[in-house]
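Below: one structure, written as structure tokens.
In this note's numbering, the protein residues as written are 165 to 345.
Below is the structure:
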């Protein structure tokens, strides 16, 4: 499989002028989702703002809050602090803050106004597996990109992430770093 470096470098050049915002974040997430064969709501893009990670994508999470980088239960914060890429194919079993997972990002079927997902439907959106990579700029960490697989159980979520996928995401993050300014 060819590396997507050229496509992401071109996308970064197009986005660099306008900067990273919800619209450009959506474009990036769509390309990342396509590259890894996941749904768009299984991609998260966060920008470092002071000592917080703020969601750029999914846009719905931006209004929920930011992640302090000194938080001990956040994979994104750990990624920013250690500057290391990581795979957790048992993410659902690891201790983590789940406030962002509780936000309904998409639905399998149209909902009536005010109707919420059933407990059974919510189980389909549990993050089972995740890759998390820092986005490194000249001044250090400028963001974090995460790709996940969601499902009721780990096998339902799909195949485990492996070192080749992680390396590909590291390369993509490096290609996109200039957008995070």
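From the three backbone atoms N, C-alpha and C, an ideal C-beta is built for every residue, glycine too.
- Fully contained in the region 206 to 255 are the following alpha helix (DSSP H) runs of length 4 or more, in chain order: 223 to 226, 239 to 246.
- Taking 9 Å as the cut-off, the beta carbon of residue 189 is found no closer than this to the beta carbon of residue 241.
- In this structure, residue 315 lies away from residue 331, with their beta-carbon atoms at least 9 Å apart.
- Spatial neighbours of residue 207 in its own chain (CB-CB distance under 6 Å, excluding positions within 5 residues in sequence) are listed in chain order as 193, 196, 197, 311.
- Around the beta carbon of residue 303, fewer than 16 other beta carbons sit within 10 angstroms, so the residue counts as exposed.
- Separation of residue 296 and residue 226 (C-alpha to C-alpha, rounded to the nearest whole angstrom) is 18 Å.
- Using a Cβ distance threshold of 9 Å, residue 340 and residue 172 count as a contacting pair.
- Rounded to whole angstroms, residue 184 and residue 319 show a C-alpha spacing of 34 Å.
- The residues 339, 340, 342, 343, in chain order, have a CB closer than 7 Å to that of residue 176 in the same chain once the five nearest residues on each side in sequence are set aside.
- Remark: C-beta atoms of residue 248 and residue 298 approach each other more closely than 9 Å.
- Under the 10 Å beta carbon count, residue 228 is surrounded by fewer than 16 other beta carbons and is classified as exposed.
- Excluding five sequence positions before and after residue 321, the CB atoms of its chain that fall closer than 7 Å to its own CB belong to 292, 293, 313, 314, 315, given in chain order.
- DSSP places residue 304 within a strand segment (E or B) once states are collapsed to three.
- For residue 177, the uninterrupted alpha helix (DSSP H) run begins and ends at 169 to 180, by DSSP.
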